Amino acid sequence: MRHEGGFFSHKGKYVEDQKIKDAKLLQLDFDTIRLATNDFSPYNHLGEGGFGAVYKGVLDSGEEIAVKRLSMKSGQGDNEFVNEVSLVAKLQHRNLVRLLGFCFKGEERLLIYEFFKNTSLEKFIFDSDRRMILDWETRYRIISGVARGLLYLHEDSHFKIIHRDMKASNVLLDDAMNPKIADFGMAKLFNTDQTSQTMFTSKVAGTYGYMAPEYAMSGQFSVKTDVFSFGVLVLEIIKGKKNNWSPEEQSSLFLLSYVWKCWREGEVLNIVDPSLIETRGLSDEIRKCIHIGLLCVQENPGSRPTMASIVRMLNANSFTLPRPLQPAFYSGVVDSSSRDNNHTRNPRIASLNDVTITELDPR
């Protein structure tokens, strides 16, 4: 059964909404989705997203879908649900997951997205066997695609959006291993004139390890919050390890601190997944991406680049990158010079931290 531009609210009242009409999305009957997912069988459970679980479904036509079933305790009301549906429906970019439709019945709220059998980047990059499929060309394509998707959200779409939950599990991969940003359950819409401003929330939601310090500690967020999360993701992709990974069992050095320590000491090879070194060596492109990742995870939001700058850096054959400073949440020995650009640095460190990248094999 299909309703044109409306739904039954949790109070049983039929609600007609212009935003739903404008979205031009298929509204599916709940029983159709229930049957497609085999009554939300655990065997069809794909994972947990912002505000709910995600299931695989197969419609009568044979089309495979991904169904996001919002938790009844998610805190999303009728208005918020309508806003999410209408917002995501209008986002059209090759690096964003496409919303196909929705379902609303009583307290059940379902979002229907296109399905990708490769599931998420998390399933590949953190698995020792499946990670081998991700050669450097594929990883670079994923990094660049996610960057373009975030740039679209921040600056190029009709709406300006902060994702607020950028992480490996929210990057889906199509058959060609192209990235698709997913899960807009915590996305925040802002006005064009707010792009450089900071907003506040008393309800901090997201994933620790990817959260920028200003957001995790005081609820401040801006486009630079997404930039921080993107930087963490880039370093995870290069190292092939989660952000909470530590080189030793008893070590207090987690991924960001470990990367910074190796970068300062000139041990850049240690930052890179060994499988990449074996097949490609330490290319200028890999070094550039490490550099960009470190710039993104700076403690001060103002020191982080914009997504527009990041896309230019990734696309440029030759680009002078600023020196990264000590990243947020650093747990190693503090080097005061790394926090101040005016301090004189060790020449060995400066040669790594302030470089012009020239690629021999530009894209």
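Residue numbers (the UniProt record's numbering): 1 to 363. Ideal Cβ placement from N, Cα and C applies to all residues, glycine included. On a predicted model such as this, the values are computed, not experimentally measured, just so you know.
- Counting C-beta pairs closer than 8 Å gives fewer than three between the region 264–274 and the region 222–234, which falls short of the contact rule.
- Here the region 168–183 lies against the region 131–146, with 3 or more beta-carbon pairs under 8 Å apart.
- For Ala-66, the beta-bridge partners assigned by DSSP are Lys-56 and Tyr-113.
- DSSP places Glu-278 in the helix class (H, G or I) of the three-state scheme.
- In the structure shown, the three-state DSSP call for Ser-246 is coil.
- Annotation: Met-313 to Leu-59 spans about 43 Å, alpha carbon to alpha carbon.
- A straight line joining the alpha-carbon of Phe-124 with that of Met-132 spans about 8 Å.
- Linking Gly-47 to Ala-168 through their CA atoms gives a straight-line distance of about 12 Å.
- Taking all protein chains shown into account, Asp-129 has fewer than 16 neighbouring C-beta atoms within 10 Å of its C-beta and is therefore exposed.
- Following the DSSP letters along the chain, one finds Pro-213 inside the alpha helix (DSSP H) bounded by residues 213–218.
- In the three-state reduction of the DSSP assignment, Thr-225 falls in the helix class.
- Under the three-state reduction of DSSP, Val-259 is assigned to helix.
- Under the three-state reduction of DSSP, Phe-190 is assigned to strand.
- Annotated as distal: Ile-162 and Leu-172, with beta-carbon spacing of 9 Å or more.
- Taking the Cα positions, Thr-32 is about 43 Å away from Ser-218.
- For the set Ser-41, Glu-108, Phe-104 and Trp-245, the Cα lying nearest the Cα of Leu-255 is the one of Trp-245.
- Under the DSSP assignment, Gly-293 falls in the alpha helix (DSSP H) whose first and last residues are 284–296.
- Non-local C-beta neighbours of Tyr-258 in its own chain, meaning closer than 7 Å and more than five positions away in sequence, comprise Pro-247, ordered along the chain.
- Just so you know, the alpha carbons of His-93 and His-158 end up roughly 12 Å apart.
- Counting along the chain, Phe-124 sits inside the alpha helix (DSSP H) bounded by residues 122–125.
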